[in-house]
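K.L.:
Each residue of the sequence shown is one higher than the one before, starting from 51 at the first, in the numbering used here. Cβ atoms here follow ideal geometry from the backbone N, Cα and C, with glycine treated the same way. Owing to the predicted nature of the structure, the values given are computational and were not obtained by experimental measurement. Could you have a look at this structure, given as C-alpha cells, before my questions?
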Amino acid sequence: MVMNSELGLFLSNIPGLVTGSNLQGIHDRYLGVLQIMKDNQCSLAEAMRRFGVPRNTLRDFIGICELRVVDEEKYERVVQSVTERTGKTSVKLIESKCREALSDYRTQSNRLKNKGKLLPFYPKDDFYLGK
C-alpha cells in the first residue's frame, strides 16, 4: 500500500508531469516549442505541432512560463507565496498569481517576444487579472 506522501513524492518525480510542486514539465514544453521556432524559423502553430503539445496546454500555463523568463526571482517569490499561503501548491492558483505579476512587465514582455525570447502569445488585457 502506498501512503499519500509516498504517492505525492512518486508523482512529483515523473518527468513531464505537471503538479504544483513540479512545474518543470510546463517550462520544458514552453522552452521546447520556443527552441523549435528558433531552429526552424517556423510559426508557433508549426512548432507546437512538431513538439507535440496542444496550444491550450501552453496557453493555460503561459503566465508561469513568461514570468520565470522575465523575472525569475519574482516567479520564485510567487510560487513560494502561494505555497505558504495555501499550504499546498495549486498549478491553477500559481498561474493566476503569475499572470497578475506579469501586469507590471507588459512592455518588457512584448520586447522579449519581438526578440524571440518569449513565445508570441499576445493576450487580451483581462489575462493580467489572473482569471
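1) Which word fits A95, buried or exposed, when buried means at least 16 other C-beta atoms lie within 10 angstroms of its C-beta?
2) Flag this pair as touching only if the region 160-175 and the region 126-143 have three or more C-beta atom pairs under 8 Å; answer yes or no.
3) Distance, Cα to Cα, R156 vs F111?
4) Just to confirm before moving on: does the CB-CB distance between V83 and F101 stay below 8 Å?
5) Could you compute how far the alpha carbon of F177 sits from the alpha carbon of S146?
6) Could you compute how far the alpha carbon of R109 sits from the alpha carbon of T136?
7) Helix, strand or coil, according to DSSP, for Y172 in the structure here?
8) Using only alpha-carbon positions, find the residue among A97, R105, Q158, V141 that is nearest to D121.
9) Just reading off the alpha helix (DSSP H) that G82 is part of, what are its end residues?
10) With DSSP run on the structure shown, which of helix, strand or coil describes S93?
P.N.:
Considering the structure as presented:
1) exposed
2) no
3) 17 Å
4) yes
5) 9 Å
6) 24 Å
7) coil
8) Q158
9) 74-90
10) coil
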